[in-house]
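Quick note, the sequence shown lines up with residues 374 to 499 if you use our numbering.
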Amino acid sequence: MVKKSSDGLIAEPQPNNLNISKLIVNLANDYVRLGKCDRRKAMRVLKKFLLGKASSVSYWDRWSKDDMKRCYLQLQPISKKMANDFRRWAAELLKAERNNKLALICLIDDLEVRTWIEDPESGLYG
374 MVKKSSDGLI AEPQPNNLNI SKLIVNLAND YVRLGKCDRR KAMRVLKKFL
424 LGKASSVSYW DRWSKDDMKR CYLQLQPISK KMANDFRRWA AELLKAERNN
474 KLALICLIDD LEVRTWIEDP ESGLYG
């Protein structure tokens, strides 16, 4: 059901977008709660997942379920909660067929900015 206003139709957000946003917030909360050393390890795993085996990365390159599983298994020793939230986020993107490198770049940027907001003295990439 689409709501109407005096100016016309109001677009409602897609349910997938709301769910993905919620998963990003959960993942960012888990990331911020990690110690500095564990945050660096987690970021290294995510960037390794981003770059993969390719020498160059296009924003539209897709990642697979196997790639997701490999990253999940590497995140588990760092934080089981973060690994589970990452798996949920990635699974939702796979369902929505939005499993491209751009989504992962946005996630990494969101995590880095969130860390800076929570602890400005840590530096943006600290």
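No residue lacks a Cβ here, since even glycine has one placed at the ideal position from N, Cα and C.
Alpha helix (DSSP H) segments (min. 4 residues) lying fully within the segment 447-473 | 453-469
Going by DSSP, name the residue or residues bridged to ARG417.
-> Its beta-bridge partners do not exist; DSSP assigns none.
If you draw a straight line from the alpha carbon of ALA476 to that of PHE459, how long is it in whole angstroms?
-> 12 Å
Option nearest LEU400 by Cα separation, candidates GLU470, ASN473, ALA469 and TYR445 = TYR445
Cβ pair ASN392, GLU465 closer than 8 Å = yes
Leaving out five residues before and five after MET455 in sequence, what residues of the same chain have Cβ atoms less than 8 Å from its Cβ?
-> LEU400, ASP403, TYR404, LEU407, ALA415 and LEU448
Beta-bridge pairing of ARG435 - partner residues as DSSP gives them | ASN473
Any idea if ILE451 is buried or exposed, counting beta-carbon neighbours within 10 angstroms, 16 or more meaning buried?
-> buried
Using DSSP with H/G/I as helix, E/B as strand and the rest coil, what is ASP483?
-> helix
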